[in-house]
Amino acid sequence: MSRQAKTTVLAFDSDAIHAGNKAIENDNPALDEKVEAILSSMTLAQKFNEIRGLQPESIDGLYYSGGAESLGIPAFKMVDGPRGARAGTATAFPVAMARGATFDVELERRVGQAIGLEVKARGGNVVLAPTINLLRHPGWGRAQETYSEDPYHMGAMSVSFISGAQNHVLTSPKHFAINNIENTRFEMSANVDDRTLHEVYLPHFKRSVVESRAASVMSAYNKVNGTYCSENPELLTKILRHDWGFRGFVESDWFLGTRSVAPALNGGLDIEMPSGYHFSDENLSAAMASGELTEATIDAAVRRIIRQKFLFRLDEDTVVDTSVVECDAHIELAAEVARKSMVLLKNSDKVLPLDSAIVKKIAVIGSLADMENLGDRGSSYVTSSHVITALQGIKAAAPKMDIHYIDSYQLDDRAVKKIAQVDVAIVVAGLTYKEEGEFIPTQQQEAEDGQLARGGDRLFLSLPPDQEELIREVSRLCQKTIVVLEGGSALIVRNWVDDVVGLLMAWYPGREGGTAIGEILFGQVNPSGKLPVSFPQEMSHLVEWDIVSLDINYEYHHGYRLLDLKQQAAEYPFGFGLSYTQFRLGKLKVEKGGDAKDQLTVLVDVENVGDRQGDEVVQLYVGYNDSSVERHVRELKGFGRVSLAAGEVKTLSFSLNASDFAYYDVDNGAWKLEDIEYSLFLGTSSAHLPLETTIRIK
Ligand code: BGC
């Protein structure tokens, strides 16, 4: 161990994450007075105008709602989305699932800041992001838009994005709630009991609202327990506003996202987007005349809407120079995220990093290798002015290497001969927007061979059969076959993974992704990403995946929690990822007290025992011993990323509150802390937890 004083790193530095978030700094009573004064001067027609979008199609990427010049009320100008501004060209960042794999909250705060700034530069003032629907099953078409299968991890990433973006614009975490099946999203009902709802599907929404004060929330298309989310008083009023104290507004998802007039407004919806199909003057007046809707309800919605407009000072409408869009700093940030997000899953005999003293000739195989593969082409589509492909990145990382490119998943005789002669074969395989993504029925019909969304859910998690066949064939021809995978969530690799020596999960890595792939393969960058989703051995190990039924019962256990329950090993577990160096954890300490009375501080030393710099992500899980109710075997309750030079040691510090140990008591509709023994596990994946201690909390 190093003799120098050890640095202590906070796993989650709340002050740093929320710095500059306008919703946190500018909460003040003078604002409420101003809002009341304006509200009292508004006509009914002006109020109606505030609660609906203005036109069905975006104008230069902007969806408008509300605004009254004579009263000084600015309009909202909403822009998608989760991996960059969908307005003109913009920096295409790695998708959220890739960013989830960084387990780096500070980095995600900076991504939020950059996306927020580009949205503003494109004329927007609300970013329709982040997508924080929990990944119940990796087959979800929009898996790539979200961060995680785990609610704690999702919450930490979400609040970081929101607080970063809210330095510049309002955010809209979406889709509230339980929108995680694509093909049936407009009609299906997610049926869920209260414990599962509060402990599994809502904690990250709660943190987004309470900790980072998201300015708005987008309601989901689907139903929860039989009621459409956009007219669900339990979700939009009881939980969001009464229980969590949300002071922002709720806008519906687009087109089929609003289903009624009075039930929606009475339930807690504030804005129908993208246009007033239901919330027309005529319908609103009729609902008021019949007594179903009162002006007080409309006032409550308008108050929430205009309060956010002035809280964020949209009336001052500062113009941002468009030169920030795809500026050097944002491009470098996209590269940094790509480098930190890729997950090295297999590295037999340390085949990676490739040593150019030994490896002289390589083949790069597969059409994906030289394709711009940024992910979904639904609402999260970002148009980038430039994309570096995997092939370009590999060539740049090894300029003197003899590289032969085979642009196909079928090998002809020439290709076969070539592969048999190379030292290393790199197959770039995976998915595109054609296999997964947002399901937009009209676009699907128009999109045959086109550029628009073709995605939807994945019924199976394996690679397309021609790619599996190719990997097997290449690995027969070349002993050192490495696979680089692209895609938005878990893939099943069992059919071929034993035939290859190296496997790197690259996700949809954004405009600079190719550079990161090259640098990782050749060792200029040490891989440090960790899986935010379990890669199962087979589908039957996961929850049942039904993308047809309109009624689905959501279970308490999914992802690593279900695998733990069944004692079923994952192919690659949640939280897993290899490095080119090795780390050791030690000196686990638990201290009572911290900032709050009910706080615990958990300290652990992380040492880089290898011979090169590297980053490690340490994960803290809690287990429940002799609980009187069913609990998960273990739940993630903290993670921290540390960067260590060879031989360096740092202490990582986690904070836990009593609430981290509580369960949702359905009888009382409140959280309850049991006086039992709790286990704390620390390690580097959900399946590798070498340090353990127990505590009691009263
Ligand atoms: C998506 C939302 C998106 C909206 C506007 C909807 O179809 O579900 O996530 O923000 O369109 O593009």
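Residues in the sequence shown are numbered consecutively from 835, following this note's numbering. Just so you know, even glycine gets a beta-carbon here, dropped at the ideal spot from N, CA and C. Remember, it's a predicted structure, so these values are computed and weren't measured experimentally.
Boundaries of the beta strand (DSSP E) around F1515: E1511 to G1517. If you ignore the 5 residues before and after G922, its C-beta comes within less than 8 Å of the C-beta of D894, G895, R956, V1159 and T1217, all in its own chain and listed in chain order.
Sequence-distant partners of V1043 (beyond 5 residues in either direction) whose C-beta falls short of 6 Å from its own C-beta, in its chain, are W1078 and F1080. Look at M1176: its beta carbon is at least 8 Å from all of the heavy atoms in the ligand BGC. Bounds of the alpha helix (DSSP H) holding S1175 are D1162 to S1175. Runs of the beta strand (DSSP E) spanning 3 or more residues and lying entirely within the segment 874 to 905 occur at 897 to 899, in chain order.
Cβ contact annotation for W1330 (same chain, cutoff 6 Å, sequence separation greater than five): E1302, I1305 and R1306, in chain order. If you look at A1197, you'll find it in the beta strand (DSSP E) that goes K1195 to I1199. Under DSSP, M1339 takes part in a beta bridge, and its partners are V1177 and L1319. Ranked by how close their Cα comes to the Cα of T1152, the residues N1001, P1108 and L1295 have N1001 in first place. Cα atoms of D1247 and Y1239: separation of roughly 14 Å, rounded to the nearest angstrom.
Closer than 8 Å to some heavy atom of the ligand BGC: that does not describe the Cβ of Y1267.
M1205 carries a coil assignment under DSSP once its states are collapsed to helix, strand and coil. DSSP places N1459 in the uninterrupted beta strand (DSSP E) bounded by G1448 to N1459. CA-to-CA, the gap between L1186 and P1361 works out to about 10 Å.
Between the segment 1448 to 1464 and the segment 1511 to 1523, the count of Cβ pairs shorter than 8 Å is three or higher; the stretches touch.
For P928, the Cβ stays outside the 8 Å cut-off from all heavy atoms of the ligand BGC. Within a 10 Å sphere around the beta-carbon of L1337 sit 16 or more other beta-carbons, which makes this residue buried. Between the alpha carbons of R1075 and L1297 lies a gap of roughly 43 Å.
Counting only runs that start and end inside the segment 1002 to 1080, the alpha helix (DSSP H) elements of at least 4 residues fall at 1037 to 1044. The C-beta distance from E979 to D1210 rounds to 7 Å, short enough to fall under 8 Å. In this structure, the C-beta of G915 approaches the ligand BGC to less than 8 Å from one of its heavy atoms. Spatial neighbours of Q1226 in its own chain (CB-CB distance under 7 Å, excluding positions within 5 residues in sequence) are listed in chain order as G1348. Between S1086 and V1058, the CB-CB gap reaches or exceeds 9 Å. With fewer than 16 other beta carbons inside 10 angstroms of its own, V1463 counts as exposed. If you look at I1132, you'll find it in the alpha helix (DSSP H) that goes E1129 to L1145. T1349 has its Cβ no nearer than 8 Å to any heavy atom of the ligand BGC.
Annotation for N1117: the continuous alpha helix (DSSP H) segment containing it runs D1115 to A1123.
For T1349, the enclosing alpha helix (DSSP H) starts and ends at G1347 to L1355. DSSP, read as helix, strand or coil, puts G934 in helix.
Looking at the DSSP output, G1474 bridges to V1452. Counting the other CB atoms within 10 Å of its CB gives N862 a total below 16, which places it among the exposed residues.
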